[in-house]
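For reference, the structure is listed below as structure tokens.
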Amino acid sequence: MNDRAAERLLKAWRHLFKLDPDRYLSDSALDAVCRSGTDAVIVGGSTGVTFDNTADLLARIRRYEVPCVLELSSADAAVPGFDAYLVPIVLNAGTAEWIAGRQAEAIAAYGSMIPWDVTIAEGYIILNGGSAAARLTGARTEIGGRDVLAYARLADRLMRLPVVYLEYSGRFGDMELVERVRADLKGARLFYGGGVTDAERARRAAAAAHTVIVGNVIYERLDDALATVAAVKGTPPPA
Ligand code: 1GP
Numbered sequence: 003m004n005d006r007a008a009e010r011l012l013k014a015w016r017h018l019f020k021l022d023p024d025r026y027l028s029d030s031a032l033d034a035v036c037r038s039g040t041d042a043v044i045v046g047g048s049t050g051v052t053f054d055n056t057a058d059l060l061a062r063i064r065r066y067e068v069p070c071v072l073e074l075s076s077a078d079a080a081v082p083g084f085d086a087y088l089v090p091i092v093l094n095a096g097t098a099e100w101i102a103g104r105q106a107e108a109i110a111a112y113g114s115m116i117p118w119d120v121t122i123a124e125g126y127i128i129l130n131g132g133s134a135a136a137r138l139t140g141a142r143t144e145i146g147g148r149d150v151l152a153y154a155r156l157a158d159r160l161m162r163l164p165v166v167y168l169e170y171s172g173r174f175g176d177m178e179l180v181e182r183v184r185a186d187l188k189g190a191r192l193f194y195g196g197g198v199t200d201a202e203r204a205r206r207a208a209a210a211a212h213t214v215i216v217g218n219v220i221y222e223r224l225d226d227a228l229a230t231v232a233a234v235k236g237t238p239p240p241a
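Numbering (the numbering used here), first residue to last: 3 to 241.
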């Protein structure tokens, strides 16, 4: 993917569903998710993700036209055949391993097999200390708006990452802060994820961020999850 192609893809994404290969989803629920009108399905999770459960989920999603993207948290689960690959760089991680450790190990191990043209880095800022992602990465989540903005600028201005991801996984975040971070970005797209459990929250998140990611509620209240698609798409995109 050249820069312009990556830019087009990212700009087209307003709503994304995130499916966890380690969680059960019935065929009928998967059918509804894939036909929902979402822009793409992300496959990814913090724990219990293996090559086999990732490949299984990809095969099920491939029956549908919806683009399917793998978010890699472990090189062991690097399954070929996805439309694109998202590689998190956890900016506020407690150890270097999650910033530039595991990624370098994966590159050393897989070298020439990596499809760079469809690989996109995400500058993650994890803000819910109770989430599995925060525990796994030892993220410094007790930080104020100034620090969040500083991490976002680091990603956007210094590292020139194409995506900044404000990750509140499991909890609905501070939309004023999300809005402030998005308005400050020069080149990166702002992804927001966490606690989008109904249409109203989806609208609020869509007004603040470029792209809204919906995860957990798929497994808890499918109808509410599906309603987030129209809610996001019906909200005018922020600048
Ligand atoms: C998780 O950002 C996503 O990585 C979505 O969060 O599961 O809380 O919807 P939820």
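Glycine included, C-beta positions come from ideal geometry on N, C-alpha and C.
Since we're looking at a predicted model, the values are computed, not measured.
Let me know if Ser28 comes out buried or exposed under the rule of 16 or more other beta-carbons within 10 Å of its beta-carbon. Counting other Cβ atoms within 10 Å of its Cβ, Ser28 stays below 16 and is therefore classed as exposed.
Output the boundary residues of the alpha helix (DSSP H) element that contains Thr199. Going by DSSP, Thr199 is part of no alpha helix (DSSP H) at all; its letter is neither H nor E.
Is the beta carbon of Asn94 within less than 7 Å of some heavy atom of ligand 1? Not under cutoff, so the answer is no.
In terms of residue numbering, what span does the beta strand (DSSP E) encompassing Ile128 cover? Residues 121 to 128.
Sub-8 Å separation of Tyr153 and Ile127 beta-carbons: Yes; because the gap between Cβ atoms is below 8 Å, this pair is in contact.
Does the distance from the CB of Tyr66 to the CB of Asn130 come in under 8 Å? Taking 8 Å as the Cβ cut-off, Tyr66 and Asn130 do not qualify as a contacting pair.
Output yes or no for whether 8 Å exceeds the beta carbon distance between Asp186 and Leu163. Their beta carbons are not under 8 Å apart, which means Asp186 does not touch Leu163 by this criterion.
Less than 7 Å between the CB of Glu222 and some heavy atom of ligand 1, yes or no? Relative to the non-hydrogen atoms of ligand 1, the Cβ of Glu222 never comes closer than 7 Å to any of them.
With 16 other Cβ atoms within 10 Å as the buried cut-off, status of Ala86: Buried, by the Cβ-count rule.
Cβ of Gly50 within 7 Å of any heavy atom in ligand 2? This structure does not include ligand 2; its bound ligands are ligand 1.
Using a Cβ-Cβ cut-off of 8 Å (strictly less than) and excluding sequence neighbours within five positions of Val81, which residues of its own chain qualify? Phe53, Thr56, Ala57, Leu60, Leu72.
How long is the line joining the alpha carbons of Leu12 and Arg191, rounded to whole angstroms? For the pair Leu12 and Arg191, the Cα-to-Cα distance works out to about 7 Å.
Could you check whether the Cβ of Ser171 sits closer than 7 Å to any heavy atom belonging to ligand 1? For Ser171, the shortest separation between its Cβ and any heavy atom of ligand 1 lies below 7 Å.
Nearest-angstrom Cα distance between Gly172 and Ala141? If you take the alpha carbons of Gly172 and Ala141, they lie about 15 Å apart.
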